[in-house]
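Below is one structure; the comments refer to it alone.
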Amino acid sequence: MKCQDAKIRSFTWRSLRIGVLFILIFLPACTSSSSSPALQSQIDDNLRRSRPVQALYAIERLAHEQGWTPALAAQAGDIYRDLGDLSSAVAVWERIPNPNAVVLRDLARAQLVLGRWDNALATLHLVIAQTPDDAWAHWHSALLQAPVDPQAALATLPIAATDPAYTPIVAALQETLTGVQNDTLLPMRVGIVLADHGQWRYAERAFARAAALNAPYAEALAYLGVARVMQGKDGAQVMLQAVALEPVNARIRYLQGIYLRAIGDARGAIDSLGQAAALAPDTPLYFVELAQAYRDLRDLQQAEYWLRVAVAVSGNAPRFLEILALFYADEAENLTVDGVAALEQAISLLPADPDIYAGYGWAIYLTGDRERGLSLIDQALSSDADNPRALYYRGRILLDSGDTDAALPLLEQVASGTSEFAPIARALLESLRG
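Everything in the sequence shown is counted per this note's numbering, starting at 48 for the first residue and increasing by one.
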């Protein structure tokens with residue numbers, strides 16, 4: 048149904064565009080020339096009344112009469128962008144002879160989304176020329192240049208780092224790029240750094256370059272498949288190529304498992320991840336991902352088993368103990384007494400962590416000890432007042448106690464965020480108001 052609606056919207060918008068173009072072609076023969084002030088008034092009125100297509104029609108009529116001015120092009124580009132037609136927005140913005148930094152930033156954003164990398168880089172350089180301290184422009188310029196020109200990327204990263212949001216990945220990229228000259232594996236290393244930080248669009252570009260420079264390169268193809276699926280794209284062909292090239296490569300089977308989990312094929316993922324774990328039984332991360340695939344199927348017994356294997360293989364490394372503890376915390380409602388004891392044991396081996404303490408508190412509450420559970424959750428909030436897990440669990444406990452007025456602000460705070468608890472908080476609020 049959603050697909051059909053999308054097709055209808057696409058057809059409607061396409062039809063409107065054709066209609067506008069038809070009228071413009073025959074406008075001189077059908078109507079008398081309108082004055083510029085009258086058309087500008089129509090534009091303003093339609094925008095004020097949230098009628099973007101009509102405003103766009105008036106803009107194009109005015110441009111037909113007096114030519115495209117920078118102001119008209121900027122306005123039309125904004126409307127096309129808001130309508131989701133980035134290609135048309137770019138075409139109109141590019142009419143502006145000397146755009147200001149605001150228009151250039153909008154143009155660069157659209158070019159990046161469209162994957163017009165060379166055009167985007169050129170536009171970003173224009174932004175930097177006008178606003179040399181623009182961390183956003185330096186940041187995206189560095190991401191584009193890192194797989195192809197490490198020295199140029201290194202030169203622009205320090206200004207990008209002035210924005211705290213970019214600092215962690217800037218440090219990782221600087222470490223990767225420093226001292227590198229001509230290295231055909233550089234795009235692969237850059238892609239892994241970008242993937243580790245969730246920059247899938249740029250990671251895809253880096254992996255594609257690595258695969259091309261070192262063909263046939265199975266791991267680059269496998270990473271490319273993952274990068275594509277993480278953006279909602281189809282990565283099946285490159286993933287199959289990777290597996291066909293190296294069917295007993297543990298990392299490729301691991302990446303195949305991640306890909307299959309991402310498309311919702313948990314059983315296929317279990318098969319691939321089981322092969323990865325068998326090929327590299329000393330790699331705890333493979334057992335973790337295998338556990339998550341079982342968890343996707345809600346086979347919590349198998350999920351717990353393989354997480355415990357991961358902890359054992361890692362030698363009780365804190366990273367994997369924390370993953371096990373968070374599993375127990377997330378699945379607190381499904382834990383047995385043994386599970387609660389295991390969670391308590393895991394916590395005793397780890398430094399204080401608000402997520403783990405909040406989950407432990409929720410588990411204790413579910414065993415019937417409300418006061419101790421609340422105390423642990425409050426302890427989590429004392430170290431991280433905005434922790435979504437702790438806020439959500441505290442809200443749930445307050446709801447169970449009948450204190451809806453106190454619970455609602457906590458749940459609303461969680462629902463307004465982007466954490467994994469936001470969707471369930473929103474669903475709970477909808478049911479309460481329903």
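Here a beta-carbon is modelled for each residue, glycine too, at the ideal position from N, C-alpha and C.
CB-CB under 6 Å to L479, same chain, minus the five flanking residues each way: which ones, in chain order?
Within the same chain, L479 has no close Cβ partners at all.
Please tell me whether L337 and A327 are closer than 8 Å, where the distance is taken between their beta carbons.
Contact: no.
Rounding to the nearest angstrom, what Cα-Cα distance links A469 and D132 in this structure?
Computed Cα separation, rounded: 30 Å.
Thinking C-beta only, is S188 closer than 8 Å to L171?
The answer is yes: Cβ separation under 8 Å.
With DSSP as the reference, label T59 as helix, strand or coil.
At T59 the pLDDT is 46, less than 50, meaning the model places this residue with poor confidence and gives no usable figure here.
Throw me the rounded Cβ distance for the I299 and A265 pair, which I believe falls under 8 Å.
Right, the Cβ-Cβ distance comes to about 6 Å (below 8 Å), so this counts as a contact.
Can you grab the Cα-Cα spacing for the pair N229 / R96, in whole Å?
Approximately 57 Å, taken between the alpha carbons.
Taking Cβ to Cβ, would you say A193 is nearer than 8 Å to L220?
Yes, the pair counts as a contact, with Cβ atoms nearer than the cut-off.
Below 8 Å, can you find three or more Cβ-Cβ pairs linking the stretch 435-445 to the stretch 405-415?
Verdict: yes, contact present.
Using the Cα positions of G272 and G245, report the straight-line distance between them to the nearest angstrom.
Taking the straight line from one Cα to the other gives about 14 Å.
Counting only runs of 3+ residues fully inside the stretch 73-125, write out the beta strand (DSSP E) ranges in chain order.
Runs found: none.
At 4 residues or longer, what runs of the alpha helix (DSSP H) sit wholly inside the stretch 327-396?
Runs of the alpha helix (DSSP H) inside the stretch 327-396: 331-343, 347-360, 365-377, 384-395.
Would P84 be called buried (16 or more neighbouring beta carbons within 10 Å of its own) or exposed?
The residue in question, P84, is exposed, as its Cβ has fewer than 16 Cβ neighbours within 10 Å.
Starting from the Cα of L413, find the closest Cα among E467, P401, R441, L368 and give me that residue.
Per the Cα distances, R441.
Are L458 and A474 closer than 8 Å when you measure CB to CB?
In this structure, A474 does not lie closer than 8 Å to L458 by Cβ.
With a Cβ-Cβ cutoff of 8 Å, do F334 and A357 count as a contact?
In this structure, A357 lies closer than 8 Å to F334 by Cβ.
Tell me whether the beta-carbon of N261 lies closer than 8 Å to the beta-carbon of L232.
Yes.
Note down, in chain order, each residue of its chain lying with its Cβ closer than 7 Å to the Cβ of R248, except the 5 sequence neighbours on either side.
Excluding residues within five positions, the ones whose Cβ falls inside 7 Å are Q278.
Note the first and the last residue of the continuous alpha helix (DSSP H) segment covering Q288.
283-292 is the extent of the alpha helix (DSSP H) around Q288.
For A427, which option in G415, D400, L445, I411 has the closest C-alpha, if you only look at C-alpha atoms?
Comparing Cα-Cα distances from A427 to each of G415, D400, L445, I411, the minimum goes to D400.
In its own chain, which residues sit with a C-beta less than 8 Å from the C-beta of A157, not counting the 5 before and 5 after it?
Result list for A157: R128, L133, A136, V137, W140, in chain order.
Under 8 Å, Cβ to Cβ, is there at least one residue of chain B near I370?
Here chain B cannot be found, since the structure has a single protein chain.
Could you check what DSSP says for A316 in three-state terms: helix, strand or coil?
Reduced to three states, the DSSP call for A316 is helix.
With a threshold of 16 other CB atoms inside 10 Å of the CB of S319, please say whether the residue is buried or exposed.
Label assigned to S319: buried.
Can you grab the Cα-Cα spacing for the pair F109 / A155, in whole Å?
One point to set straight first is that residue 109 is Leu, not Phe, in the sequence displayed. Taking the straight line joining both Cα atoms gives about 26 Å.
Return the chain-ordered list of same chain residues with a C-beta closer than 6 Å to the C-beta of L168, the five sequence neighbours on each side being excluded.
If we look at L168 and ignore the five residues flanking it on each side, its Cβ neighbours are L191.
By the three-class DSSP mapping on this structure, what secondary structure does R142 have?
Residue state, collapsed to three classes: coil.
Taking the runs of the alpha helix (DSSP H) that are 4 residues or longer, which of them lie wholly in the stretch 167-222?
List check, alpha helix (DSSP H) in window: 182-192, 197-207.
Tell me whether A118 is buried or exposed, calling it buried when 16 or more other Cβ atoms sit within 10 Å of its Cβ.
That one is exposed.
Under 7 Å Cβ to Cβ from Q101, same chain only, skipping five residues before and after it: list those, please.
The answer, listed in chain order, is N93.
Note down the Cα distance separating Q392 from P211, rounded to an integer number of angstroms.
Going by the C-alpha atoms only, they are around 36 Å apart.
With DSSP run on the structure shown, which of helix, strand or coil describes A325?
Three-state result, A325: helix.
Locate the alpha helix (DSSP H) running through Y301, then write down its first and last residues.
Start and end: 297-309.
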